[in-house]
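In the working numbering, the protein residues as written are 1 to 198. Ideal Cβ positions, reconstructed from N, Cα and C, are used throughout, including at glycine.
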């Protein structure tokens, strides 16, 4: 009898944890589905290539920041991005040439997998996000990313706000990382496995 009670309690606990994680993952999905990231991948991990990646980043943000200002939802952000792909590529190619390199640049709007990222004021859970992807040369080096919608890494935006694009509860999850450390880690493990098998 005691064994049956213990088993019932264990099953109840597992169900409670799974239900809690399901609700948390729904909020994480809201974050993933309402954010557009800029993802720049360096040619290699050499010091030159990593510096070049940062120069490309600086010029992209300086010359195209206004593109993402006053954008109110992800669909419009994607549309604006698609309309400016050639511009992003020309800027990146120009920076590369000015720095004496001869790498090709591939620019597209697609999906990128990111691990959980914690910053001073917010966190984003692991998973696939819509991204403006800029691949420099062989794109085998470390990458750099930021959030362009809402405009959180664009200098002219003076700091965007996740609440502009996501549900209030999802924004609360992103802005209270210390409260959800274990859940973020669990979601990251789940998303890595899902990404590995897909």
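Smallest Cα separation from residue 28: which of 153, 123, 139, 151?
-> Along the chain shown, read from residue 1 onward, the residue named residue 28 stands at position 28. Nearest of 153, 123, 139, 151 to residue 28, Cα basis: 123.
Please say whether residue 107 and residue 89 have beta carbons closer to each other than 7 Å?
-> The residue given as residue 89 occupies position 89 in the chain shown. The residue given as residue 107 occupies position 107 in the chain shown. Yes, the pair counts as a contact, with Cβ atoms nearer than the cut-off.
Nearest to residue 148 (by Cα), restricted to the options 26, 38, 33 | For the purposes of this step, residue 148 is taken as residue 148 along the chain shown, with counting starting at 1. Checking every option, the nearest Cα to that of residue 148 belongs to 38.
Take the Cβ of residue 129 as the centre, count every other Cβ of all protein chains shown within 10 Å, and call the residue buried at 16 or more, exposed below.
-> Locating residue 129 in the chain shown gives position 129, where the first residue counts as 1. It counts as buried.
Give me the Cα-Cα distance between residue 134 and residue 41, rounded to the nearest whole angstrom.
-> If you number the chain shown from 1, residue 134 lands on position 134. If you number the chain shown from 1, residue 41 lands on position 41. Between residue 134 and residue 41, the C-alpha separation is close to 6 Å.
List the residues that DSSP assigns as beta-bridge partners of residue 136.
-> Position 136 of the chain shown, counted from the start, is the residue given in the question as residue 136. DSSP, once it has assigned bridges, lists 105 as partnering residue 136.
Residue 76 - containing alpha helix (DSSP H), residue span = The residue given as residue 76 occupies position 76 in the chain shown. First-last of the alpha helix (DSSP H) with residue 76: 74-83.
Does DSSP put residue 36 in a helix, in a strand, or in coil?
-> In the chain shown, counting from the first residue as 1, residue 36 sits at position 36. Strand, per DSSP.
Can you check DSSP and say which residues form a bridge with residue 127?
-> Position 127 of the chain shown holds residue 127. DSSP output for residue 127 lists 114 as bridge partner(s).
DSSP state of residue 43, grouped into three classes?
-> Taking the chain shown and counting its residues from 1, the one referred to as residue 43 is at position 43. Residue 43 falls in the coil class under three-state DSSP.
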